[in-house]
Structures are given as structure tokens and as C-alpha cells.
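Asks: This is the structure I want to talk about, given as C-alpha cells.
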DNA sequence: ATTAATCTGTCATAATTGTTACACAAATAT
DNA sequence: ATATTTGTGTAACAATTATGACAGATTAAT
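Chains as they are written, first to last, in my numbering: chain A, 6 to 233; chain B, 6 to 233.
As C-alpha cells, this is what we get:
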């Protein structure tokens, strides 16, 4: 086990090396390597192992029967692959997983993972935490996308950012965005000029004031109204 | 324990009564009742317990400081409340939870839940499965919403429905929707007439044929093109 | 079988957003 | 300091979608 480096892996990083060693004792697993272009997993095939990308990078693609392809995600080590699918009702890979580099991937059978959960509550907690965080993240993204107007999305984003900042700076009406306008437009899935227009309109209506990445909320009630 | 009925609860229903009884042995928990209008949990308060709604119903709301309110969800027994937040990094309730009826809610401390995981791998598996299913569900919803055009959403929806049906009826190019046009429009978050127009255009282009809830795919490649 | 309710197809108009383009500001590199 | 890149504000026009409205088709209820 000493040759496996899980540092940076969201479901392992909280565990010490010693603990990881114990965790894998008597656990069956295999490590495969893939070269660039190899297919790691096929869309539609059952997901029976916890696969963790130890080194290299992969991309995930959806492939249709007529051959048309859509890239979904690029993933770099160290991260689990499709961890939400291992235990789901419908445990098949929703995508093709293709190596975009030389890769090492560890595969731990489902039942062995359950044993590992029983053995080390910390590992179990990390795994659940990882999935919980993901669920939370997706919920928030979904809320954002579910708002139809750009002004609404922006209002939601600003109120959210303000709330996060409130924990550190109680009573403030300012916060700093971690995205520029172009990135924000992509995040919302809208065009950049349309976002700029909305910002300038909302500034004109004295609701907010944005300078660089600094957002100042002037009329909070108006922001709230844009949500519903 | 005999008075607690978990039937229909997604994280308990796979377990027999005997097994549930064992599971709760030596486990600390409390059961509270709430009458209509009572606040079960406050937005922003830490989520330290696994709360399962045993009887009654609740609604979840986001409340702003100026008092404006937005209802997020209505939940009826038997279901866990905010199960994704118990183990997440940021374990605070994102919403107010308010009883809309007489309610009984069991609260099991976080650490006790971990003990229960260690005790019964089946319970652990159900819990993880529940969260996994949720992640999967949200991912799919996110993909749908991420497609900008109505035709694209429809194409995605149809291809997905076809794929699900393929497992039962290999080689088919038909499937039956479980929503009518009005419901589908709501699901997509678009207006009903706009959806109807897209359907009729796609029928005119000989891509699909929809009769009642029966969908027939004529030109699958064209559907694929609408995704990207 | 008839009525009532719901669902569907369609239209004109308004509102919102995307596209493309350009000038200028800000940040970064040389 | 200057050049280069990247980000921002703005505009005209095109495309898409929402809104509201209506008639006909389908389904459910009596």
C-alpha cells in the first residue's frame, strides 16, 4: 500500500497514512493503468467498483448510437469516478470514461467498500460528506438555473454571497465575488453582454453597485423581489 | 420502538421490523411533536440530528431579513428532512422548516447515526443509496436545465425516456411519457404554448411523432444534434 | 350519451436574451 | 514605459420565449 498516494482525494485526504494502511488491510482491490485514449469505462456498463483516479486525467463523454459525442467533464487525479453511481439504484455508468493521459486507477469492489465503511468510521464519514457536499452543490446550482431571468439569477447569487460573508463580517452589505463578469456569465449559462446589461440596469435602479469584483447591496428588498 | 412506523421511509423501508428494533438498541434519540404552524427548524441553525418526519407534513421556506418568503418544498411523512446537510461541510439548515399539520419527528444525533451505520450495513447502504439517488436525480435535472433551447430539452427528455424503455423493449423507437404537455412544460420551466410550438415544429421536420403521451422517434440523429 | 373539465394546437404581440461588433479600461508581460 | 492581452460598457439587430387568448379535441364524470 505504501505506493498509493491519496493526498488530495476528497474521500481519503482526512485520513493519515497509517490509517489508510489499516483500512486497506485484507481488502481486495486492483490497480489498472491506461494509456491516452484507452476506454476506462463504457457508457451503460454497470458500476461495480469504487474507482479512484490516482494519477493522470480522464474525460467523460456521452456517445449516441449514431456516433455523435458530447464531452461532459474533465477530471484530474486524485478524484473518485462516478462515486454517486456505485450505490445508486440504477448503477450504470452514464458516460464513457476515456483516459486523456497516462492513468492509474484503483478499483475496489462494492462489497469491499462496505467492509471499509464498517472498519473505519472516519472513511465512512468522508465518503458520506463527499456525497452530501455534492448534493448540496447541485441543489444550489439547480436553484440558480431554475430562476429564469438574468436579474433573478444575479440577485440570488448576490444574496447568497452576502449571506456567506455575513458569517465573517456581520452587518455588512458588501462582498467580493470570486468570478469576473465573463466567468459569471458562463456560470449562469447566459451571454456576457446580456449580463452586463442587467448589471448596468440594476445599478441604474439603485439596487446594487459593482466595482471590479466588489459588490455593494443598496436595496436588499428589491433584490429579494427579483427572485420570485 | 414498536410504536415507530418507518414504512415508506426511503432510508428505512428495506429493513425488517426486527432489524429496525435491533438498530435502535442503545441508540439515543428523541421524538418531538409539533402542531400546525410550529417552527421545526430555523434557517441558519446547525443541523446536528438526522430528522425523520414520521407523521404529518411540513413545508420548507427561505425567509429574508425584510420578511419576504419563498416556499421551497412541501414534504409529507415518512421522509428524512435535509438528510444531505447532516454530514455536509456546511451543516446548517438552508431553510425554515414549518409544520403544516400535526407532526411527529424523530431526531437522532449525528454520532448515534454513525453508530447505527457501524451496526447495520444494510441501513448504511440504504442511507448512501438514498443520497446517491438524489445526486443522480439532481444531475439529470441539472443537465436538462442546462440546455438552453426548448427543442434541446425535449430532445434530451425523449432520448432519456427511450433509453429507459430500451432496457425493457430492446430495439424500440417508441415510449410512453408519464407527463402531459402542461406538466412537461412546468418540468422544463417553460411556457406551455412554446413547448407545443416546438413539438409541432419537430413533427413537421419529421423528427418525432407524438400522439397523446406516446412518443415515436423517427430521426434519432436529428434529436442528438439538438443537444449540442 | 351528454356535459363538464381538462388538454392541445395555434396565433399575435411583448419581453427577454443572444449575437456581433466596437471602443475603452484594466491588468499583465516585455 | 510600452505593448499585449484580457475584461468591461454599450449598441443595433435577430432569435427565442412568454403572455394571453381562443377554438377544437380529448378525457372524465354523471
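Glycine included, C-beta positions come from ideal geometry on N, C-alpha and C.
Name the two residues that bound the continuous beta strand (DSSP E) containing residue 203 (chain A).
Replies: Premise fails: residue 203 (chain A) lies in the alpha helix (DSSP H), 197 to 209, not in any beta strand (DSSP E).
Asks: Taking CB distances under 8 Å as the criterion, tell me whether residue 220 (chain B) reaches chain A.
Replies: Residue 220 (chain B) does not count as touching chain A.
Asks: Roughly how many whole angstroms lie between the Cα atoms of residue 146 (chain B) and residue 147 (chain A)?
Replies: Taking the straight line joining both Cα atoms gives about 8 Å.
Asks: What residues from the region 159 to 173 of chain A come within 7 Å of chain B, judged by C-beta to C-beta, listed N to C?
Replies: Residues: none.
Asks: Measuring only the C-alpha atoms, how far is residue 15 (chain B) from residue 113 (chain A)?
Replies: Their Cα atoms are separated by approximately 26 Å.
Asks: Residues of the region 94 to 117 of chain B in Cβ contact with chain A at a cutoff of 9 Å, in chain order, please.
Replies: Against chain A - using a Cβ distance shorter than 9 Å - the residues of the region 94 to 117 of chain B are 94, 95, 96 and 99.
Asks: Can you grab the Cα-Cα spacing for the pair residue 193 (chain A) / residue 153 (chain B), in whole Å?
Replies: The straight-line gap from Cα to Cα measures roughly 11 Å.
Asks: With distances taken Cα to Cα, identify the nearest neighbour of residue 63 (chain B) among B:53, B:212, B:84 and B:225.
Replies: Closest option to residue 63 (chain B), Cα to Cα, is B:84.
Asks: Could you check the C-alpha separation between residue 222 (chain B) and residue 87 (chain A) for me, to the nearest Å?
Replies: Taking the straight line joining both Cα atoms gives about 30 Å.
Asks: For residue 204 (chain B), which residues in the same chain have their Cβ closer than 8 Å to its Cβ, ignoring the five residues on either side in sequence?
Replies: Around residue 204 (chain B): 159, 186, 213 and 215.
Asks: Which residue wins for smallest C-alpha separation from residue 131 (chain A), given the options A:19, A:9, A:173 and A:98?
Replies: Looking at the Cα atoms, A:19 is the closest of the given residues.
Asks: To which residues of the same chain is residue 49 (chain A) closer than 7 Å at the C-beta, ignoring the five residues directly before and after it?
Replies: 97 and 98.
Asks: Using a Cβ cut-off of 8 Å, pull out every chain A residue sitting near residue 133 (chain B), in sequence order please.
Replies: Under the 8 Å cutoff, chain A gives 92, 132, 133 and 136.
Asks: Run the CB neighbour count on residue 65 (chain A), radius 10 Å, all protein chains shown included, and call it buried at 16 or more, exposed below.
Replies: The residue is buried, with at least 16 neighbouring Cβ atoms inside 10 Å.
Asks: Residues in its own chain within less than 6 Å of residue 57 (chain A) by CB, not counting five upstream and five downstream?
Replies: 85 and 111.
Asks: Grab me the residues of residue 231 (chain A)'s own chain with a C-beta within less than 6 Å of its C-beta, minus the 5 sequence neighbours each way, in chain order.
Replies: Here the set comprises 156, 157 and 160.
Asks: Identify every run of the beta strand (DSSP E) within the region 15 to 70 of chain A, keeping only runs that are complete inside it and at least 3 residues long; order them along the chain.
Replies: The region 15 to 70 of chain A contains these whole beta strand (DSSP E) runs: 35 to 39, 44 to 46, 54 to 60 and 62 to 68.
Asks: Mind pulling the chain B residues with CB within less than 9 Å of residue 194 (chain A)?
Replies: Chain B residues near residue 194 (chain A): 150, 151 and 153.
Asks: My assumption, with CB atoms under 8 Å, is that residue 90 (chain B) sits in contact with residue 141 (chain A). Please give the rounded CB distance.
Replies: Contact flag correct, Cβ pair sits at about 7 Å.
Asks: Are the C-beta of residue 141 (chain B) and some C-beta of chain A separated by less than 8 Å?
Replies: Yes, its Cβ sits closer than 8 Å to a Cβ of chain A.
Asks: Counting only beta-carbon atoms, is residue 144 (chain A) nearer than 8 Å to chain B?
Replies: Yes, because at least one Cβ of chain B sits closer than 8 Å to the Cβ of residue 144 (chain A).
Asks: In chain A, what lies closer than 9 Å to residue 89 (chain B) by C-beta?
Replies: Going along chain A in sequence order, the residues near residue 89 (chain B) (Cβ under 9 Å) are 136, 137, 138, 139, 140, 141 and 144.
Asks: What is the rounded straight-line gap between the Cα of residue 71 (chain A) and the Cα of residue 81 (chain A)?
Replies: Caution is warranted here: a pLDDT of 39 is assigned to residue 71 (chain A), below 50, making its placement in the model unreliable, and no coordinate value can be reported.
Asks: Verify the CB distance criterion: does residue 186 (chain B) have a CB-CB separation below 8 Å to chain A?
Replies: Answer no: the Cβ-Cβ gap between residue 186 (chain B) and chain A never drops below 8 Å.
Asks: Indicate the three-state DSSP secondary structure (helix, strand or coil) for residue 220 (chain A) in the structure shown.
Replies: Strand, per DSSP.
Asks: Do you know offhand how far residue 116 (chain B)'s Cα is from residue 138 (chain A)'s?
Replies: The straight-line gap from Cα to Cα measures roughly 18 Å.
Asks: If distances are taken between C-alpha atoms only, which option among A:11, A:225 and A:61 comes closest to residue 163 (chain A)?
Replies: Selected option, being the one with the closest Cα: A:225.
Asks: Indicate whether at least one CB of chain A lies closer than 8 Å to the CB of residue 147 (chain B).
Replies: True, the Cβ-Cβ gap to chain A drops below 8 Å.
Asks: According to DSSP, is residue 116 (chain B) part of a helix, a strand, or is it coil?
Replies: The answer is helix: DSSP assigns residue 116 (chain B) an H, G or I state.
Asks: Taking the straight line between their C-alpha atoms, what separation do you get for residue 73 (chain B) and residue 100 (chain B)?
Replies: Low confidence applies to residue 73 (chain B): its pLDDT is 42, below 50, so where it sits in the model is not reliable, and the reading given next is rough at best. Roughly 13 Å between the two C-alpha positions.
Asks: Taking Cβ-Cβ distances below 9 Å as the criterion, which residues of the region 198 to 229 of chain A are in contact with chain B?
Replies: Residues 225, 226, 228 and 229.
Asks: Would you kindly work out how many angstroms separate the C-alpha atoms of residue 227 (chain B) and residue 60 (chain A), rounded to a whole number?
Replies: Going by the C-alpha atoms only, they are around 38 Å apart.
Asks: Mapping DSSP to helix, strand and coil, what is residue 179 (chain B)?
Replies: Three-state result, residue 179 (chain B): strand.
Asks: Curious, which full-length alpha helix (DSSP H) runs of at least 4 residues does the region 122 to 152 of chain B contain?
Replies: The qualifying runs are 126 to 151.
Asks: Give the DSSP-derived three-state secondary structure of residue 84 (chain A) in the structure shown.
Replies: Strand, per DSSP.
Asks: Please classify residue 188 (chain A): does DSSP put it in a helix, a strand, or coil?
Replies: Helix.
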